[in-house]
Structures are given as C-alpha cells and as structure tokens.
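To start, the structure itself, in structure tokens.
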C-alpha cells in the first residue's frame with residue numbers, strides 16, 4: 003500500500019512566506035480597483051419566531067404571523083420599491099433595504115482598537131482577531147451620524163398579508179358585564195388568542211349551538227349585540243335554557259388605522275393598542291364560522307328544531323375578509339359536556355360490618371355525588387341497584403327538579419329494610435334539599451352469606467329541555483349518566499384492614515399514571531403487601547387477590563413472591579362461593595395459599611397485554627383488593643391511564659383540612675394542616691419542552707362542587723383561598739416584584755410603556771379563590787410571551803398557605819365530615835385536559 007501522507011502534507015502546508023505576499027497582492031487589487039456587478043440576495047424569515055412588539059398585548063396580536071399589511075389593499079412594495087411610504091406612490095416602499103459599507107459602521111466593543119493596520123502576517127494581532135464570529139463586522143452597528151448615508155436598494159414584494167385579525171373573546175363578559183369569562187382569556191388580546199377554548203357552563207352561561215355548517219357572523223358593536231345576548235340568555239324561572247351562538251366570540255381588530263386620512267400608513271397608537279372594527283364602519287368586513295362536523299340542530303317532521311348532539315370536543319373555525327382580503331383566522335375549541343355527571347368513586351368501596359346493619363342498627367353511608375348542569379330546566383330520575391350472586395335489589399326515585407349544582411347520594415343499610423323494589427315508593431328518597439338516599443336490605447334475605455356486592459346508580463333526564471332559541475334538547479341526547487361502586491360486608495372481626503397494599507407502573511417515570519403514546523404493547527405493574535400490625539396473632543394463611551380487569555387489555559404473567567422462608571401457590575379462581583357472579587366482569591381473582599399465616603411482607607407482579615389501546619378507560623383509577631373468605635383486608639391505591647399530549651397534568655392538589663373546630667357566628671378560616679401539605683401540589687409536564695421542541699403556554703383552572711355531608715345541608719358558600727405558589731411544600735411562596743402594580747391596568751401601563759415581564763409573571767401565577775358552586779377560576783398561567791425560558795418539562799407548585807373559609811352568617815355547620823370535589827382543567831391553545 004502506498005503511503006501518500008507525506009505528499010499531502012507537502013501540498014497542504016504551504017509556507018506562510020509564499021501565501022502572505024499572494025494575499026497582499028489580491029487584497030491590494032480589490033482595494034485599489036473595486037469591481038462592479040450584480041448580486042441577488044434571498045432573505046428567509048422563520049415567522050414562528052417573529053414577535054413583532056415588546057408590549058405583551060401587541061405582541062400577542064403579531065406573534066408568529068406575517069407582519070400586518072400597512073395598507074388597506076393588503077400589499078407592501080410597488081414598482082421598484084425604492085420610493086416613499088405614501089399609499090399612492092407607484093414605487094412605495096414600506097419594506098426597505100439599505101446597505102452600509104465598513105466606513106459607515108462602528109464596532110461598539112472596539113475589538114480591533116489599537117491593532118496595527120500594516121502588514122498581513124498571520125501572526126499579527128489583527129489577523130488573529132479576524133476569525134469567524136470574532137471580527138468587527140460580527141459586532142458592527144450603524145454609525146448614528148451616517149444613518150442616512152447608506153445605499154438604498156430596490157425591493158420587490160409579491161405577497162400580501164392580513165389587514166385584520168379575528169380575536170375570539172367573550173363579548174358578554176368583557177363588554178356586557180357578564181359574570182363568567184367562558185374563554186378564561188385573562189384579557190381580550192393575550193397570547194394564543196387565535197386558539198382559545200370555550201368552556202361555558204351550559205346551565206349558567208348557555209348551550210353552544212350552531213344550526214348551520216357555515217354561517218355568517220355579524221361583527222356588530224356591543225350595543226347592537228346586547229338585545230341578541232338578552233334574547234338568548236338563560237331564564238331559569240321559566241325553565242328555558244340559554245344558548246351561545248358563534249357571534250358571542252367573534253371580534254376583529256386591525257394593527258394599522260386604515261381610516262386615518264394620512265397619506266402614509268398609521269400604526270395604531272401604543273396607548274390604544276390594536277383597533278377594534280365593526281361591520282357598520284367597514285362594509286367590506288365579513289366573518290363566517292364553520293364547524294367541520296356540521297350542524298348539531300335539525301328540523302324534525304313537526305317543524306321543530308331539535309339538537310342532535312352536544313358540541314363538546316368540536317371546534318368553531320372563524321375566517322373572513324376585509325375589503326376582499328383574508329383576515330387572520332382563529333379557532334375556538336369547544337368543551338361543553340351536556341351529560342349529567344355522577345361520581346361514585348369516593349369511596350369506590352363501601353365497608354360495612356354485620357353488627358352495624360343488624361336490627362335495630364342501621365348504617366348510613368355516603369355513596370357519591372351527581373349533577374345535571376341543566377337541572378334547572380328539566381326533571382331527573384335516579385335509579386339504583388345492588389346485586390350479588392343470589393339477590394338483586396332495584397330502587398327508583400320519583401321524577402324531580404334539582405338545581406344544576408352538585409348533590410349528594412347516600413345509602414341506608416339494614417337487614418330489616420324492605421327488599422329493594424322499584425315498585426315500592428320511598429326506597430329512593432329525595433328530600434327538599436335534593437339530597438338523595440337509597441334504602442337497601444343488607445344482607446339480602448336471599449343471600450345471607452354474601453360478602454361482596456356490586457352497586458350502580460343512574461341519573462336520567464325525564465323531560466326535554468327547551469331553549470331560548472326554540473331549540474329542543476330531547477332526553478335521548480346526552481341525558482343519561484351511570485357509575486358503579488362495591489359494597490364489602492365484613493364479619494365483625496376484623497373491622498379494619500390488616501394489610502397495606504401499594505402498587506405502581508414499572509416502565510413509566512410516574513408511579514401511578516401511564517401516559518399512552520399508542521406504541522404500548524403491555525403494561526407491567528409491581529405491588530407490595532405489608533402487614534400493618536393490626537392482625538397480630540390472627541393473620542390468615544389463605545388470601546384472595548382481586549386484580550381489576552381493564553378493558554382493551556388481557557391480564558398475564560401474575561407472579562407472587564412469598565416472604566423469606568415461606569412458600570405460596572397462586573391459582574386463578576373463576577367461581578367464588580357467596581360472591582357476586584358478575585365479579586368476573588370486573589376482576590381476575592387468584593387464590594393465594596401460603597404455608598403458614600401471612601404476617602410478613604410479600605410482593606406480586608402482573609402485566610396487562612394491550613389488545614385494543616383505544617378501549618382502555620382514561621382517567622379511571624384501578625385498585626387491587628385483598629380478602630379472606632369473609633372479610634376485606636386491604637385495598638390498594640389506584641393506577642390510571644391517560645393519553646400523552648403536548649402538555650399533561652400529572653397531579654392536582656388534594657386539600658385535606660382534617661378535623662377542625664366548628665365555626666362561630668363570624669365564620670372561620672382554617673389553614674391547611676402540616677400533614678396535608680405533601681399532597682397540596684399540581685404537576686404539569688410539557689412533553690414537547692422535554693424533547694427540545696417549542697414549549698407551550700397553558701392555564702390551570704379549578705371548579706369546586708358544593709360541600710356535602712351526611713345529615714347536613716349542602717354548602718355552596720365555602721371558599722378555598724390558595725395563597726401564593728411555592729416550589730416546596732413548606733414555602734416560601736412566590737413574592738411580589740419590587741414596585742409591583744397590576745400589569746393589566748392600562749392607565750399605568752399603556753401599550754407604549756408595558757409592564758415588566760416579572761409583573762406579568764407574578765400576576766399570572768396568582769390563583770383566584772374558588773367558591774363551592776362549580777364555577778371555574780384560574781389557578782395558574784404560564785405565558786410563554788412573558789417567560790419564554792420557563793422550565794415546565796416537569797413543573798411542580800405547592801400551596802402551603804391554602805385556607806378554607808367558612809363565611810360569616812352561613813348558618814349551622816354540622817359536626818360531621820364535609821367533602822367537595824375540585825375539577826381541574828389544563829388548557830393550552832390547542833387542547834384541554836381534565
């Protein structure tokens with residue numbers, strides 16, 4: 003093999019003594035005899051990074067778009083693009099390029115100051131400095147004294163841009179003193195306004211409707227729109243629900259004042275910000291809205307308009323023109339379930355001891371809550387069922403009207419209660435406060451030895467809903483909801499759990515939630531069982547392990563590891579004496595036989611093999627259970643599945659105020675106990691940011707149901723005051739910036755003098771108090787316009803200063819346990835997560 007190394011080195015390593023004179027000659031030729039010619043320069047701009055303004059409000063209007071057209075015709079340069087700015091100039095040039103030579107530039111850092119200009123030796127200070135990224139040109143700015151001395155070049159443009167932009171915001175709230183901002187926009191023009199999410203409460207705010215797949219939307223002043231808003235407003239006293247049409251969110255703004263008589267473009271003033279325009283001022287303004295899924299209202303054979311489906315999960319896409327030129331479009335995501343909600347998951351398992359239900363004893367338990375958001379405009383009926391292998395009991399309430407707030411469901415258990423029968427009135431009662439209670443015989447006479455029962459409750463509308471737009475919502479459209487629970491009837495010993503069970507996902511970074519990306523083939527779960535010391539001397543040798551079935555998966559590879567020095571045999575069981583025959587619909591059961599009493603920790607693992615990922619229930623906790631033949635001995639924590647999105651909500655605050663002294667006549671404020679701080683946090687993960695993609699803005703809202711309690715009136719006047727957010731469970735909370743003032747106050751911060759970003763960030767991070775009336779309020783906003791570098795790949799914020807307020811004059815608060823459910827919603831410009 004021939005070695006060419008020396009030959010190549012000889013070519014490459016030309017002595018400087020030869021090259022330096024050559025460079026000197028070439029440079030000298032160009033300096034003394036410059037050449038003339040033509041050059042075509044192409045400029046590329048990444049508009050996704052275009053901000054357009056330092057003011058957050060104006061930047062929200064321009065960010066990520068082409069620059070607004072300075073003329074009403076939507077165009078930019080004309081002719082050779084070397085003229086002035088006048089509209090009529092045939093060579094008008096709003097886009098100009100001026101070139102400057104080195105004699106017209108200055109180096110503010112003076113990186114070559116004092117270096118000799120003579121000689122071209124590569125070892126000179128000047129030559130060593132002239133490297134890419136370090137030359138004076140890299141730092142050069144135009145000499146202010148020679149700003150007008152540059153050379154203008156012809157600039158041709160062959161594109162047009164938007165003259166106006168559609169800005170969705172809730173006009174009823176911002177311009178008509180409405181009580182609820184159904185877009186949670188924090189202002190008319192804020193980042194992401196072109197992709198906002200509408201979350202109106204159907205009862206309080208109105209029902210989203212569109213009876214045309216593509217309809218013109220009037221862009222009128224609020225004075226012209228007020229009669230329309232009043233006509234379609236909810237009228238609970240008349241049992242007429244309100245409606246929300248697309249026009250409620252339709253607004254158009256311009257960045258330039260096209261009505262100004264000046265011959266040159268006039269940007270809107272910094273103080274006023276973008277200018278809102280209306281159709282009565284601009285005959286060429288037209289906006290229409292489309293829904294890709296079409297209409298949700300049809301006319302039946304009797305000529306009546308009938309809703310065929312809710313618009314939940316759909317979109318309204320707004321587009322239009324101004325003087326024939328396209329407006330910058332916008333999309334509103336629609337999030338409005340009309341279905342009643344029922345939640346029997348707290349608790350999902352009800353524990354009863356036989357002595358508690360043996361006559362004359364009776365036991366009342368909380369079963370859950372329900373709500374019909376349209377309850378003010380209809381009537382509902384509740385049906386309940388409890389069943390085991392040998393017995394089934396059904397109870398049915400009368401049809402009744404209940405306000406559209408959250409109501410409690412309880413159950414009364416006793417062995418001398420009448421057998422549940424849907425034909426016997428009173429066995430599912432609803433009192434004047436709309437608190438519902440079911441009466442069941444427990445255990446049923448036909449199944450005296452059963453210990454495990456499945457219960458369910460269904461809510462069904464019994465009346466069609468009439469709306470202010472003469473649209474009827476039949477009971478068959480989003481009119482039914484159902485949930486289930488389990489009842490464990492124990493012998494008196496034990497009357498408490500003897501083991502602690504904990505389980506977690508193996509593959510994921512989150513132990514209790516698996517966010518699915520569609521590529522999963524299986525899920526692996528690991529669990530531990532620890533004796534808690536309450537069954538010393540009585541721990542059993544045989545146990546029944548119940549593993550929940552998950553639709554869309556198949557249970558495989560169940561393995562049990564016995565404690566050290568012990569053995570265990572795990573055998574699947576398909577038929578269990580004295581248990582619910584339908585239990586196989588919910589659980590796979592294994593008989594665990596140990597060689598002696600299980601008084602030491604053991605563990606087990608299993609896998610869910612994915613058969614159809616789309617069938618896997620989202621956001622439903624799946625809990626394991628451990629039983630003896632007659633008693634429940636442990637219930638595990640729940641594992642849930644959810645979809646992996648650009649931004650996911652991993653954890654929400656669980657505020658447990660524990661047992662507190664009763665409030666006095668002046669009310670009371672209760673601080674969150676120290677033992678509850680551990681769970682007082684929310685956790686948001688921006689999955690795009692974690693992999694280096696563009697991070698997202700997002701807003702977290704909370705809506706709290708009324709507080710319910712056994713034997714007590716529901717309370718919708720309690721409040722949670724969050725206090726400031728903290729990065730740790732013990733604080734300190736985020737402090738105010740020096741000199742802080744509300745950045746939305748335009749009298750202090752006009753567009754020309756915007757508030758500092760740290761003012762905006764503090765404002766966005768403060769949570770509004772939440773009242774127990776199902777009304778959503780904003781907890782936290784991350785706005786990438788004011789904090790673009792915020793790390794939210796895994797953002798956690800605690801609320802160590804959270805307080806529960808019982809207002810003055812709220813009446814008697816019973817000495818019992820009150821509970822409320824807080825529903826958290828994470829909204830990004832492109833999606834909403836609950």
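Residue numbers (this note's numbering): 3 to 836.
The beta carbon of each residue, even a glycine, is placed where N, CA and C say it ideally should be.
Owing to the predicted nature of the structure, the values given are computational and were not obtained by experimental measurement.
### Task
Drop a sphere of 10 angstroms on the beta-carbon of residue 2, count the other beta-carbons inside from all chains shown, and report buried for 16 or more, exposed for fewer.
The question about residue 2 has no answer here: the residues shown for the chain are numbered 3 through 836.
### Query
Can you tell me where the beta strand (DSSP E) with residue 761 in it begins and where it stops?
That residue, residue 761, is in no beta strand (DSSP E); its alpha helix (DSSP H) goes 759-767.
### Task
Could you tell me if residue 614 is buried or exposed, where buried requires 16 or more neighbouring beta carbons within 10 angstroms of its beta carbon?
exposed
### Task
Following the continuous beta strand (DSSP E) through residue 782, name the residue where it begins and the one where it ends.
779-784
### Task
Taking residue 639 as part of the beta strand (DSSP E), name the residues at either end of that continuous run.
634-645
### Message
Assuming contact is defined by CB atoms lying nearer than 9 angstroms, are residue 273 and residue 756 in contact in what I supplied?
### Response
no
### Task
Give me whichever residues DSSP pairs with residue 277 in a beta bridge.
256
### residue 822 versus residue 707 - alpha carbon distance
5 angstroms
### Task
Going by DSSP, name the residue or residues bridged to residue 507.
527
### Query
Between which two residues does the beta strand (DSSP E) harbouring residue 557 extend?
555-563
### Query
Do you know how far the Cα of residue 100 is from the Cα of residue 87?
15 angstroms
### Task
Mind checking which residues open and close the alpha helix (DSSP H) that includes residue 228?
224-233
### Message
Closer than 8 angstroms is the cut-off here; do at least three beta carbon pairs connect the region 535-549 with the region 664-680?
### Response
no
### Task
Return the chain-ordered ranges of every beta strand (DSSP E) run that is complete within the region 414-499 and spans a minimum of 3 residues.
430-432, 438-443, 454-463, 467-469, 473-475 and 482-492
### Query
Would the beta-carbon of residue 106 fall within 9 angstroms of that of residue 60?
no
### Query
Count the other CB atoms within 10 Å of the CB of residue 120; is the residue buried (16 or more) or exposed (fewer)?
exposed
### Under the three-state DSSP convention, the category residue 2 falls into
This structure does not reach residue 2, given that the chain is present from 3 up to 836, and the question cannot be answered.
### Task
Quick one: grab the DSSP three-state call for residue 49.
helix
### Message
Checking 9 angstroms against the spacing of the C-beta atoms, do residue 475 and residue 469 come in under that value?
### Response
yes
### Query
When the Cα atoms are used, what is the spatial distance from residue 649 to residue 688?
4 angstroms
### Task
Given a cut-off of 9 angstroms, decide if residue 169 and residue 255 are closer than it, judged by their beta-carbon atoms.
yes
#### Entry: Sequence ranges, beta strand (DSSP E) only - wholly within the region 51-128, length at least 3
99-101
### Message
Going by beta-carbon coordinates alone, are residue 286 and residue 325 separated by less than 9 angstroms?
### Response
yes
### Task
Kindly examine the ligand MN and report whether one of its heavy atoms sits closer than 8 angstroms to the Cβ of residue 690.
With respect to the ligand MN, the structure offers nothing, as it holds no ligand at all.
### Task
Note down the Cα distance separating residue 575 from residue 388, rounded to an integer number of angstroms.
23 angstroms
### Task
Take the Cβ of residue 233 as the centre, count every other Cβ of all protein chains shown within 10 Å, and call the residue buried at 16 or more, exposed below.
exposed
### Query
Helix or strand or just coil, what does DSSP make of residue 552?
coil
### C-alpha distance - residue 602 paired with residue 565, whole-angstrom precision
6 angstroms
### Task
Return helix, strand or coil for residue 25, following the three-state DSSP convention.
Since pLDDT at residue 25 reaches only 49, below the 50 mark, its modelled position is unreliable, and the value read off the structure follows with that caveat. Residue state, collapsed to three classes: helix.
#### Entry: residue 390 beta carbon less than 9 angstroms from that of residue 464
no
### Query
Is the region 694-710 in contact with the region 782-794, if contact means three or more CB pairs nearer than 8 angstroms?
yes
### Message
Please report the straight-line C-alpha distance between residue 305 and residue 173, rounded to a whole angstrom.
### Response
32 angstroms
#### Entry: Length of the line joining the Cα atoms of residue 800 and residue 788
22 angstroms
### Cβ shell of residue 20 (< 8 angstroms), same chain only, five flanking positions each side left out
Here the model assigns residue 20 a pLDDT of 44, short of 50, so the residue's position is not dependable, and the following value carries that caveat. So no residue of the chain qualifies.
#### Entry: Residues near residue 352 in its chain [Cβ-Cβ closer than 6 angstroms; skip 5 each side]
367 and 489
### Message
Assess contact between the region 761-778 and the region 663-674, defined as three or more Cβ pairs (one per stretch) separated by less than 8 angstroms. Is contact present?
### Response
no
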